[in-house]
Amino acid sequence: MDDNSGGESSSSNNGDDKKEMIQRWMKWNTAKTLKYEPNHDLISKIGKEGSTSPLDAFRDTVSKEKRQTERVGRSWSAKELRRKSYDDLHKLVLYKEKNMLLTEANLARRHGYMMIQPDRRKKVRKSMGGIRHVLGERKRAKIADHKLYLEELERVGALLEDLDVAASEGGSMEDDMHKEATEKLEEDKI
Numbered sequence: 205m206d207d208n209s210g211g212e213s214s215s216s217n218n219g220d221d222k223k224e225m226i227q228r229w230m231k232w233n234t235a236k237t238l239k240y241e242p243n244h245d246l247i248s249k250i251g252k253e254g255s256t257s258p259l260d261a262f263r264d265t266v267s268k269e270k271r272q273t274e275r276v277g278r279s280w281s282a283k284e285l286r287r288k289s290y291d292d293l294h295k296l297v298l299y300k301e302k303n304m305l306l307t308e309a310n311l312a313r314r315h316g317y318m319m320i321q322p323d324r325r326k327k328v329r330k331s332m333g334g335i336r337h338v339l340g341e342r343k344r345a346k347i348a349d350h351k352l353y354l355e356e357l358e359r360v361g362a363l364l365e366d367l368d369v370a371a372s373e374g375g376s377m378e379d380d381m382h383k384e385a386t387e388k389l390e391e392d393k394i
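Using this note's numbering, the first residue of the sequence shown is number 205, and each one after it goes up by one.
As structure tokens, then:
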């Protein structure tokens with residue numbers, strides 16, 4: 205029985221040692237870490253009217269009251285995206301919208317309120333997936349067209365080689381055509 209009790213005390217000793225070591229490390233780490241003090245005045249100006257901060261791109265400029273009452277649009281369908289040119293697809297500002305929504309979600313989480321219209325993130329994600337799908341379709345079509353072009357080149361090359369062989373054997377193509385035409389005329393006369 206003494207052996208079991210000794211084993212239990214050594215395991216609890218190990219647990220205390222680990223706990224003490226973790227506490228020492230945390231104390232050392234917090235002493236080395238810089239404390240971040242946010243500038244609340246600057247943060248409160250971001251996204252407000254008249255603000256010229258580059259960080260405004262990451263904030264929703266529409267007021268919360270207006271966002272709560274108005275419905276947001278829908279995501280782009282693949283059918284609509286297929287009609288867009290390559291440049292127009294790249295001009296869609298979905299990455300900017302996605303970053304803005306992530307910023308808004310982070311602020312809502314930090315301040316402890318629900319994000320207004322959280323389904324907007326899903327719509328942006330769905331639209332981005334549609335763009336990726338359409339660009340993939342275009343890439344696959346271009347690859348298929350290129351393969352057809354190469355096959356056509358091979359076929360034309362083979363035909364040209366056959367013509368070169370025929371021309372080298374019997375003279376010129378014009379002579380062959382002339383002979384063929386005269387033979388036809390003679391057959392028609394008989």
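Where a beta carbon is used, it is the ideal one built from N, C-alpha and C, also for glycine.
Taking C-beta separations shorter than 8 Å and ignoring five residues to either side along the sequence, the partners of Pro322 in its chain run Ala309, following chain order.
Just so you know, the alpha carbons of Arg278 and Arg228 end up roughly 53 Å apart. Pairing Asp264 with Arg271 gives a Cβ-Cβ distance under 9 Å. Using a Cβ distance threshold of 9 Å, Leu293 and Arg324 do not count as a contacting pair.
Going by DSSP, Gln272 is part of the alpha helix (DSSP H) stretching over Lys268 to Thr273. Excluding sequence positions up to five before and after Gly334, its CB lies within less than 6 Å of the CB of Trp280, Ala282 and Leu285, all in the same chain and listed in chain order. When the alpha-carbon of Val338 is set against those of Arg313, Arg287 and Lys351, the nearest one is in Arg287. Close CB contacts of Met319 within its chain, under the 7 Å cut and outside five residues either way in sequence, are with Glu308, Ala309 and Ala312 (chain order). Per DSSP, Asp264 is not a residue of any alpha helix (DSSP H), being assigned neither H nor E.
In the three-state DSSP reduction, Ser281 falls in the coil class, being neither helix nor strand.
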